[in-house]
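Visitor: Once you've had a glance at the structure underneath, I'll fire off some questions.
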Amino acid sequence: VAIGCVGMFLLIDVTDIGDTPTGSYNEGALFAVSPPRYVTGYFISYISIQSFEGIIGSALSKVIPTALASGTFNSGLLATLVDTLGRACGDMFISLMGFVNLRQLMNLLFVPAFCIMTLCILAIRRYYDLLAV
7 VAIGCVGMFL LIDVTDIGDT PTGSYNEGAL FAVSPPRYVT GYFISYISIQ SFEGIIGSAL
67 SKVIPTALAS GTFNSGLLAT LVDTLGRACG DMFISLMGFV NLRQLMNLLF VPAFCIMTLC
127 ILAIRRYYDL LAV
């Protein structure tokens, strides 16, 4: 998850946080998000989040009650439904942030994601003994 935070931090455009009087993007600025930085940050965060999702799924399969492990409404279906709900909420959040300010869309998406991932790291460190399977 910490590596995912590094990837998310690479996606934050620090030069756009303040007020920019020009209508153009901050091409050539030192801390602006260039295409190589965007691809690198996205690749790192995507791989990290996907691998962490696999770890969570593995841990869930070990602690799920046997009543939820069989039948039609098993843990796999419930995980799929929660995943679909999360994707739908994420799509709505992206659309809302696009309506708020299209110019600041990257920061409106990646600053909250960076904060959420940092809070996840803090929660994992605080409750590590409870999460051990």
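Each residue of the sequence shown is one higher than the one before, counting from 7 in our numbering. Backbone N, C-alpha and C fix where the C-beta goes; we use that ideal spot for every residue, glycine too.
#1: Taking all protein chains shown into account, do 16 or more other C-beta atoms lie within 10 angstroms of the C-beta of Asp89, making it buried, or fewer, making it exposed?
#2: By the 10 Å Cβ neighbour count, where 16 or more other Cβ atoms means buried, how is Gly77 classified, buried or exposed?
#3: Classify Asp19 as buried or exposed, calling it buried when 16 or more other Cβ atoms lie within 10 Å of its own Cβ.
#4: Three-state secondary structure (DSSP) at Ile18?
#5: Would the segment 111-123 and the segment 8-15 be scored as touching if the rule is three or more Cβ pairs under 8 angstroms?
#6: Is the distance from the Cβ of Val7 to the Cβ of Phe58 below 7 angstroms?
#7: Give me, in chain order, the residues of the same chain whose beta-carbon lies closer than 7 angstroms to that of Gly55; leave out the 5 immediate sequence neighbours on both sides.
#8: What first and last residue would you give for the alpha helix (DSSP H) that runs through Arg43?
#9: In this structure, does DSSP put Val7 in helix, strand or coil?
#10: Would you identify the three-state DSSP class for Arg109, choosing helix, strand or coil?
Guide: By the coordinates alone:
#1: exposed
#2: exposed
#3: buried
#4: coil
#5: yes
#6: yes
#7: With the sequence shown as reference, residue 55 is identified as Ile, and Gly is not the correct amino acid for it. So the list reads Gly10, once near-sequence residues are dropped.
#8: Pro41 to Val69
#9: coil
#10: coil
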